[in-house]
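Numbering (this note's numbering), first residue to last: 107 to 955. Step one of this worksheet: look at the structure below.
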Amino acid sequence: MFYFRTVSVNPKIPDRIKRLQELQYNLWFSWHKPALELFRQINEVLWEDVYHNPVKLLLEVRQEDLDAAAQDEEYLALYDQVFNDFDRYMNNDKWFQKNYPQHNGRTIAYFSAEFGIHESLPIYSGGLGVLAGDHSKAASDLGLPFVGVGLLYKQGYFTQRINRDGWQEEYYPHHNFYQMPIVPALHENGTEVHIPVDLPQGTVFLKVWEMKVGVVKIYLLDADVARNSKEDRELTGQLYGGDRDMRIKQEIILGIGGVKALRALGITPYAWHINEGHAAFLGIERIRELVQTGIPVATAKEVVKASTLFTTHTPVPAGHDTFDEGKIDKYFGYMFGQLGMSREQFLKLGWDKETNSFNMTILALNLSCYCNGVSRLHGEVSRKMFHWLYERLPLDEVPINSVTNGVHGQSWVAQELKELYTEYLGAAWSEDITNQEQWERVEDIPDEEIWSVHQKKKEEMIFFVRSRLEQKRLRNEEGAERIHEIQNFLNPDVLTIGFARRFATYKRANLIFYDREILSRILGNPERPVQIIFAGKAHPADDAGKEFIKKIYQYSNEEPFRGKIVFLENYDIDVARHLVQGVDVWLNTPRWPMEASGTSGMKAAMNGVLHCSVLDGWWPEGYNGYNGFAVREENSVYLSEEEQDREDIYSLYKLLEEVIIPTYYQREDNLPREWIRRMKSSIKTITPYFSTNRMVREYTGRFYTPCIDRGLLFTKENYALANRVKAFKQYLMENWHHVAFNDVSTSGTKDMNIGDELTLNATVKLGPIRHEDVNVEIAYGQEDGHSLHNIQTSPMQMVEMVEEGIYKYSGKLQHSQQGTFGYTVRIRPLNVDFAHAFELPLVTWAGTF
Ligand SMILES: *Cc1c(COP(=O)(O)O)cnc(C)c1O
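Rendered as structure tokens:
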């Protein structure tokens, strides 16, 4: 190899439209259709060839096209309008400035292994990345002082092609970052930012790139620089590629390199968000930084925890990264000393005794003070999964919360629908999408209008699908007849179901084929036919997922499914956008309760596409009996997988034949009025709540600003509070074995009446622990014979000290509800500086009384 410098030689952009230069590098364009139009109209054919990448467009476009645009009155009017909107967007105070002026400028850093912002930057694999992208867009809309940190993958995830046999083939195009909407990050003196990260084979250098997303920035790390060895240059080659060594190295680059990158850029975050366990090493680097300035490691750990939030994203065990001890020794052995930790202490931070390995989720739990799952149900499932880490606590009190996911409405709602919303809801709808009240006005949209927009999007989608199919068959050299028949595939007047997502097996893409006879009957009914469009990528190492694709592909070539079932290649944000805007029903059939949230159904619902789903992930919160469809009302852990498949699929067939299909085809004055009523219900009930706007506000109020406050408190006066909290925890851990109940008595009887009150008295032994440092409390809740649920607590009062270390407590409990309840008393640590009741998961329960 030899060294060279890169230069991009561009056509000259005429002065009148010079600001395209600026706009091409702000992904604000990705959710602003008129901005995309500005690029598309310069050369529509080229726009498709460069896959909607404005940087590439402006690099390849002919000078004449630019000159022509600069003289076209209509184009210039659009141009002025777009920059008017852009400037207003970039310069106005937003929600955060208005609600948290005291925190303005206090950066929140969000670390994620993938970001899915737009099809022109393919550095995402699926839901996690698209969520991170939508999160960043909403952070910009709300004006959060927010930076993202991620990796810049030279080959992205992969480009999917299906060969003639239906087998998925993966292509790894090498992206030229200079032709993407990102720029190298620069020091103040104009030099590029390169940061070193130590790995066993030596130091690797990472070049930092900057992506603008409205008013926020995302920094992406790239190992493909000349000073690295050939092998090291591959470290940011592929997302989720390679072996365990590759995975840990990438996670080191993300976590450790990410912190170093922010420092090098002069950015000091006040709150840190670990988005999925991949990024958890950021906490290790922050501990190291503090320890290197002379702070004891236990104090450093408290400082880091105090300002960190962790979001977990999957209940599927394989989704949680684990590494064996050997890997930790290999990659972190050199660092134990710098961290002031022994090997055992380091391992303990992430030790998973269930798998005997170092688990990134556990590391993240240990290095954050708040943790959340991504739907209510997923919160519950996560509490179950990690209950063993907090074994003295009842399940409900395991400190894992939930914030239900959302999607960025501006990115996913069809432009024509946005215009309808503006007309009937008022222009302000897009400024505050979460305002529930305004969505009532969806009812004012005339049925004809909403239906005609829907049909238009459906026709466009079918046109898009056909042309993609044609490209594929041409590429596979399938012959004239096979090309020609595509024109008869899919009919815009037929009920169309969309199913598109990653082909992870738990998502059960092939479930609908369970009983082919019934499916043929459903699809082939001449009066009320149905058609299905599939898309999705299987992970390159997942042969089972690829078998699913192959099966679906084969069915799509056989009677009676030919022309009624199609498989569309290379599912990505562009394909997703067409499908969620153009089908009638969005189908989701994961194996309950494996879907943490799911978000594609939200995108569909906002477009008036009815969501038909197993009651998993977000759907139990979204479904109201009318705004979509539920496959099976009851789910149960007691069913085997086979039983679950059978129950779900026959429920789905029945739902299709008895409800969905008849409703769709029931017409009054040529309109499916009942269907349209459901479409409106879907739009108005789902859009405001399941938006990332609501989601990011929730993160801000519940976690980001508390993390900022805690971080400041723990740091000030030379880490005084962090030291106190550390000392408190250590003291309680060492002395908790003294804590016990000597006796407990109750005035209550077995049967009582509503309104009755009972008194509880307890004598407790605290040993050397001060009574001010514990809470002795009544715990009260529903009981199932094993444990208490929906626990409520009320503190007991200390009434006397019996002798040194022994105290009497008393408290009252009033029965305000009918039913069977359980009550008991317990002792737990009490510290006002804890983020929540069980930051130190110690508790002593009363024995029998
Ligand atoms: C929204 C989206 C996903 C996530 O879909 P799920 O319903 O969560 O499986 C995956 N891939 C792409 C390209 C998306 O746009």
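C-beta atoms are modelled at their ideal positions from N, C-alpha and C, and glycine is treated no differently.
- Query: Shortest alpha-carbon distance to E391 belongs to which of I380, V689, G363?
  - Reply: Residue G363 is the option with its Cα nearest to E391.
- Query: For V493, which residues from the same chain have a beta carbon less than 6 Å from its beta carbon, with the 5 sequence-adjacent residues on both sides left out?
  - Reply: It is His, not Val, that sits at residue 493 in the sequence shown. Hits under 6 Å: L501, V504.
- Any chance the region 655 to 662 sits against the region 131 to 140, with 3 or more Cβ pairs inside 8 Å? Inter-segment contact for the region 655 to 662 and the region 131 to 140 is absent: fewer than three beta-carbon pairs are separated by less than 8 Å.
- Got a sec, what are the start and stop residues for the beta strand (DSSP E) Q475 sits in? Note on residue identity: the sequence assigns Cys, not Gln, to residue 475. Annotation for C475: no beta strand (DSSP E) segment contains it, and DSSP assigns it neither H nor E.
- Do three or more CB pairs link the region 923 to 933 to the region 884 to 897 at distances below 8 Å? Touching, yes, given that three or more Cβ pairs across the two stretches are closer than 8 Å.
- List the whole-angstrom C-beta distance separating T793 from G515, where the pair is believed to meet the contact cut-off of C-beta under 8 Å. Right, their Cβ atoms sit about 6 Å apart.
- Message: Just checking A682 against ligand 1 - is the residue's beta carbon closer than 7 Å to any of the ligand's heavy atoms?
- Response: Within the cutoff, so yes.
- Query: In terms of residues, what are the limits of the beta strand (DSSP E) holding Y277?
  - Reply: Start and end: 274 to 277.
- Taking DSSP as the reference, what is the three-state secondary structure of N102? Here the chain comprises residues numbered 107 to 955, so residue 102 is not present and cannot be evaluated.
- What does I884 pair with, by DSSP beta-bridge criteria? In the DSSP output, where bridge partners are listed per residue, I884 has S900, V931.
- Range of the contiguous beta strand (DSSP E) that encloses R267: Note, R267: beta strand (DSSP E), 265 to 268.
- Message: For ligand 2, is there any heavy atom lying closer than 7 Å to the beta carbon of Y263?
- Response: Ligand 2 is absent from the structure shown, which contains only ligand 1.
- Is it right to say D338 is buried, meaning 16 or more other beta carbons lie within 10 angstroms of its own, or is it exposed? D338 should be labelled buried.
- What residues match up with V737 in a beta bridge as DSSP calls it? Partner(s): V720.
- With 8 Å as the threshold, decide whether the Cβ of L360 is near any Cβ in chain D. Note that chain D does not occur in the displayed structure, where there is just one protein chain.
- Message: Among the candidates I324, S474, P287, whose CA atom is the shortest distance from the CA of N507?
- Response: Ranking the options by Cα distance to N507, first place goes to S474.
- Query: What is the DSSP secondary structure of K914, counted as helix, strand or coil?
  - Reply: Of the three classes helix, strand and coil, the one that applies to K914 here is strand, per DSSP.
- Query: Opposite M317 in the DSSP bridges: which residues?
  - Reply: As DSSP reads the structure, M317 sits in a beta bridge with I324.
- Task: Using only the heavy atoms of ligand 1, determine whether one of them is closer than 7 Å to the beta carbon of D722.
- Result: No, Cβ of D722 sits at least 7 Å from all heavy atoms of ligand 1.
- Message: Could you compute how far the alpha carbon of R194 sits from the alpha carbon of Q187?
- Response: If you take the alpha carbons of R194 and Q187, they lie about 11 Å apart.
- Task: Please confirm whether any heavy atom of ligand 1 lies closer than 7 Å to the CB of R350.
- Result: Taking the Cβ of R350 as the reference point, every heavy atom of ligand 1 lies at 7 Å or farther away.
- Message: Quick check for students: name the residue ranges of the alpha helix (DSSP H) that lie wholly in the region 169 to 224, counting only runs of 4 or more.
- Response: Segments of the alpha helix (DSSP H) lying fully in the region 169 to 224: 169 to 175, 179 to 197, 201 to 205.
- Task: Evaluate contact between the region 714 to 725 and the region 247 to 266, counting only Cβ atoms and requiring at least three cross-stretch pairs below 8 Å.
- Result: Touching, no, given that fewer than three Cβ pairs across the two stretches are closer than 8 Å.
- Answer yes or no: the CB of G688 versus the heavy atoms of ligand 1, is any distance below 7 Å? No, Cβ of G688 sits at least 7 Å from all heavy atoms of ligand 1.
- Task: Look at the alpha carbon of E739 and the alpha carbon of L721, and state the distance between them as a whole number of angstroms.
- Result: Spanning the two alpha carbons is a distance of roughly 7 Å.
- Cα-Cα separation, R463 to G425: Residue 463 is actually Ser in this sequence, not Arg. Rounded to whole angstroms, S463 to G425 spans 14 Å at the Cα level.
- Run the proximity test for T855: is its beta-carbon closer than 7 Å to any non-hydrogen atom belonging to ligand 1? Flag unset: Cβ of T855 not near ligand 1.
- Item | DSSP state of T798 mapped onto helix, strand, coil | The answer is helix: DSSP assigns T798 an H, G or I state.
- Query: For N478 versus L455, is the C-beta spacing smaller than 8 Å?
  - Reply: With respect to L455, N478 sits apart: the two C-beta atoms are not nearer than 8 Å.
- According to DSSP, what are the bridge partners of Q637? T602.
- Close-in-space but distant-in-sequence residues of the same chain around E675 (CB under 7 Å, 5 per side omitted): Excluding positions up to five away in sequence, the list reads Q266, R267, I268, R574, K578.
- Hey, could you find the ends of the alpha helix (DSSP H) E503 is sitting in? Going by DSSP, E503 is part of no alpha helix (DSSP H) at all; its letter is neither H nor E.
- Cα-Cα separation between V905 and E878, rounded to whole angstroms: V905 and E878: Cα-Cα distance of roughly 13 Å.
- Item | Assumed close pair M708, G485 - CB separation to whole angstroms, cut-off 8 Å | The pair is not a contact, with the Cβ atoms about 18 Å apart (cut-off 8 Å).
- Grouping DSSP H, G and I as helix and E and B as strand, with all else coil, what is G256? DSSP places G256 in strand when its eight states are reduced to three.
- Query: Going by alpha carbons, who is nearest to D751 out of I767, I393, Y278, R614?
  - Reply: Per the Cα distances, R614.
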